[in-house]
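Novice: Take a look at the following structure, please.
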Amino acid sequence: MKELFIRTLSGIVYAALLIMSLLNETALVLLFAVFGFLSLIEFSKLIKLKSYIQYIIFIVLYFGFCFFSIYNADFKGSDEAVQILLVISIFVNLLLLKDLFTSRKIPLFESKRYVLTTFYLSSSFIFLLLIAHYHNTFSPLLLLGSFILIWINDSGAYMVGKNLGKQKLFPSISPKKTVEGFLGGLFFACVSSYFIFIYTATLSFTSWLILAITVSVLGTFGDLIESKFKRQAEVKDSGVLMPGHGGILDRLDSIIFASPFIYLFLRIISSYVS
Numbered sequence: 617m618k619e620l621f622i623r624t625l626s627g628i629v630y631a632a633l634l635i636m637s638l639l640n641e642t643a644l645v646l647l648f649a650v651f652g653f654l655s656l657i658e659f660s661k662l663i664k665l666k667s668y669i670q671y672i673i674f675i676v677l678y679f680g681f682c683f684f685s686i687y688n689a690d691f692k693g694s695d696e697a698v699q700i701l702l703v704i705s706i707f708v709n710l711l712l713l714k715d716l717f718t719s720r721k722i723p724l725f726e727s728k729r730y731v732l733t734t735f736y737l738s739s740s741f742i743f744l745l746l747i748a749h750y751h752n753t754f755s756p757l758l759l760l761g762s763f764i765l766i767w768i769n770d771s772g773a774y775m776v777g778k779n780l781g782k783q784k785l786f787p788s789i790s791p792k793k794t795v796e797g798f799l800g801g802l803f804f805a806c807v808s809s810y811f812i813f814i815y816t817a818t819l820s821f822t823s824w825l826i827l828a829i830t831v832s833v834l835g836t837f838g839d840l841i842e843s844k845f846k847r848q849a850e851v852k853d854s855g856v857l858m859p860g861h862g863g864i865l866d867r868l869d870s871i872i873f874a875s876p877f878i879y880l881f882l883r884i885i886s887s888y889v890s
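Heads up: the sequence shown runs through residues 617 to 890, numbered per my numbering.
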């Protein structure tokens, strides 16, 4: 009971920080800068990268894209830079998916460590900010809706998996995840997309439904990929900053992996509408 209370309280504080930051553009930028830096510290430990270069890259990329793609969106070349970053990030994530299914261990040679810290982790926080700046205006409800889909998917997967789960989803990496839990999370995320559509009036219901499926599937992959990194590092959690949950990376692993794909989808429907 004590552990459940601590876990619940920690989760409430985390969610409250995120929701309050959505009220102010600068607060959101600063919060994700902190979350990103802490996640990078935890991830560097997981992949045994003892260097300061990845932190410098994160600071330069994050605040560089903030300045030129958010605060100065009309700056020449900023959109092209975002597109290049998006292509590379999605390519790196697809390679991680390949490693998830085909490799006993994710190869972690020196150059790949820097590629992962840059285009798997650091770039994801840039895309989270860009999601909140849909159409070059501060649109926090889009980002909030994406997080709600992640939270509902995780909660639904946990409840259904705990009570009805029998068939293991990926036993070699995450023994507790089940096919029934995955389908339950997907179902609840799809149902919740209707209510997000009703109360946010930001995208069409079809768009939110597609986002729900995207977030559910890719969020699950993101969780599994981080679990594989933890298994290789022989640790249970990525850190201890969130009592009852582990580290910041443990809470953000799903949205980290899904964020470039969410942003890509928003760009596609934006181009289609225009």
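Just so you know, even glycine gets a beta-carbon here, dropped at the ideal spot from N, CA and C.
Using 10 angstroms around the beta-carbon of Thr822, count the other beta-carbons present and answer buried if the total reaches 16, otherwise exposed.
Specialist: The residue labelled residue 822 in the question sits at position 206 within the sequence shown. Thr822 comes out exposed.
Novice: Do you know offhand how far Ala773's Cα is from Gly801's?
Specialist: To locate residue 773, count along the sequence shown from 1; it is residue 157. To locate residue 801, count along the sequence shown from 1; it is residue 185. Roughly 4 Å separates the two Cα atoms.
Novice: Just checking my contact of Ile768 with Lys844 at CB under 8 Å: how many whole Å lie between their CB atoms?
Specialist: Counting from 1 along the sequence shown, the entry for residue 768 is found at position 152. Counting from 1 along the sequence shown, the entry for residue 844 is found at position 228. So it is not a contact: roughly 24 Å between Cβ atoms.
Novice: Thinking C-alpha only, which one of Gln699, Pro791, Leu647 and Ser771 is nearest Phe881?
Specialist: In the sequence shown, residue 881 corresponds to position 265, counting from 1. Comparing Cα-Cα distances from Phe881 to each of Gln699, Pro791, Leu647 and Ser771, the minimum goes to Gln699.
Novice: Please name the residue in Pro876, Trp824 and Ile814 whose C-alpha comes closest to that of Phe838.
Specialist: Within the sequence shown, numbered from 1, the residue matching residue 838 stands at position 222. It should be noted that the sequence gives Gly, not Phe, for residue 838. Answer by Cα proximity: Pro876.
Novice: Between which two residues does the beta strand (DSSP E) carrying Lys778 extend?
Specialist: To locate residue 778, count along the sequence shown from 1; it is residue 162. Looking at the DSSP string, Lys778 is not in any beta strand (DSSP E); the run it does join, the alpha helix (DSSP H), is Pro756 to Leu780.
Novice: Using the rule of at least 16 other Cβ atoms within 10 Å of the residue's Cβ for burial, across every protein chain shown, is Ala632 buried or exposed?
Specialist: Counting from one through the sequence shown, the residue named residue 632 turns up at place 16. Exposed.
Novice: Quick one, are the C-beta atoms of Ser655 and Leu644 less than 7 Å apart?
Specialist: Taking the first residue of the sequence shown as position 1, residue 655 is located at position 39. Taking the first residue of the sequence shown as position 1, residue 644 is located at position 28. No, the pair does not count as a contact, with Cβ atoms beyond the cut-off.
Novice: Which of the three DSSP states is assigned to Ser788 in this structure?
Specialist: Reading the sequence shown from its first residue, position 172 is the one you call residue 788. Three-state result, Ser788: coil.
Novice: So Ile663 packs on Arg720, CB below 8 Å; how close in whole Å?
Specialist: In the sequence shown, the residue the question calls residue 663 occupies position 47. In the sequence shown, the residue the question calls residue 720 occupies position 104. 16 Å between Cβ atoms; not a contact.
Novice: Just the Cα atoms here: how many angstroms apart are Glu696 and Leu745?
Specialist: Translated into the one-based positions of the sequence shown, residue 696 becomes position 80. Translated into the one-based positions of the sequence shown, residue 745 becomes position 129. So the alpha carbons of these two residues sit roughly 17 Å apart.
Novice: Answer yes or no: do Asp853 and Asp866 have a C-beta to C-beta separation smaller than 7 Å?
Specialist: As a position in the sequence shown, residue 853 is number 237, starting the count at 1. As a position in the sequence shown, residue 866 is number 250, starting the count at 1. Yes, they are a contact pair.
Novice: Please report how far the alpha carbon of Ser886 lies from the alpha carbon of Ser685, in whole angstroms.
Specialist: To locate residue 886, count along the sequence shown from 1; it is residue 270. To locate residue 685, count along the sequence shown from 1; it is residue 69. Taking the straight line joining both Cα atoms gives about 17 Å.
Novice: How about the region 752-765 and the region 722-740: do they share at least three Cβ pairs that are nearer than 8 Å?
Specialist: No contact exists between the region 752-765 and the region 722-740.
Novice: Note the first and the last residue of the continuous alpha helix (DSSP H) segment covering Asn709.
Specialist: Translated into positions along the sequence shown, residue 709 becomes position 93. From DSSP, the alpha helix (DSSP H) with Asn709 extends over Ser694 to Thr718.
Novice: Just curious, the alpha helix (DSSP H) that Gly862 is in, first and last residue?
Specialist: For this step, residue 862 is matched to residue 246 along the sequence shown. Counting along the chain, Gly862 falls outside any alpha helix (DSSP H), and DSSP gives it neither H nor E.
Novice: Which runs of the alpha helix (DSSP H) at least 4 residues long sit entirely within the region 819-863? Give them in chain order.
Specialist: 821-849
Novice: How many Å lie between Val748 and Phe651 at the Cα?
Specialist: As a position in the sequence shown, residue 748 is number 132, starting the count at 1. As a position in the sequence shown, residue 651 is number 35, starting the count at 1. The sequence given here has Ala at residue 748, not Val. The alpha-carbon atoms of Ala748 and Phe651 are separated by roughly 16 Å.
Novice: Kindly say whether Ile663, judged by its beta-carbon, lies nearer than 7 Å to any beta-carbon of chain B.
Specialist: The structure shown contains no chain B, having only a single protein chain.
Novice: Please name the residue or residues paired with Thr794 in a DSSP beta bridge.
Specialist: As a position in the sequence shown, residue 794 is number 178, starting the count at 1. Answer by DSSP bridge pairing, in chain order: Lys784.
Novice: If you check the beta carbons only, do Leu712 and Ile841 fall under 7 Å apart?
Specialist: As a working note, residue 712 is residue 96 in the sequence shown. As a working note, residue 841 is residue 225 in the sequence shown. In this structure, Ile841 lies closer than 7 Å to Leu712 by Cβ.
Novice: Between which residues of its own chain and Leu758 is the CB-CB distance below 7 Å, once the five residues before and five after are set aside?
Specialist: Counted from its first residue, the sequence shown places residue 758 at position 142. In chain order, Ile747, Ala748, Tyr750 and Thr818 place their CB closer than 7 Å to the CB of Leu758, counting only its own chain and leaving out the 5 sequence neighbours on each side.
Novice: Could you spell out where the alpha helix (DSSP H) holding Lys661 opens and where it closes?
Specialist: Stepping through the sequence shown from its first residue, residue 661 is reached at position 45. Lys661: member of the alpha helix (DSSP H) spanning Glu641 to Leu662, first to last residue.
Novice: Going by the CB atoms, is the gap between Gly835 and Glu658 shorter than 7 Å?
Specialist: Translated into the one-based positions of the sequence shown, residue 658 becomes position 42. Translated into the one-based positions of the sequence shown, residue 835 becomes position 219. Result no, Cβ atoms of Glu658 and Gly835 do not sit closer than 7 Å.
Novice: Would you decide whether Pro723 is buried or exposed? Buried here means 16 or more other CB atoms lie within 10 Å of its CB.
Specialist: Taking the sequence shown and counting its residues from 1, one reaches residue 723 at position 107. With fewer than 16 Cβ atoms within 10 Å of its Cβ, Pro723 is classed as exposed.
Novice: Just reading off the alpha helix (DSSP H) that Ile673 is part of, what are its end residues?
Specialist: Against the sequence shown, residue 673 aligns to sequence position 57. Its alpha helix (DSSP H) spans residues Ile669 to Phe681.
Novice: Using the beta-carbon count (16 or more within 10 Å), is Ser667 buried or exposed?
Specialist: Position 51 of the sequence shown, counting from 1, holds the residue named residue 667. Under this definition Ser667 is an exposed residue.
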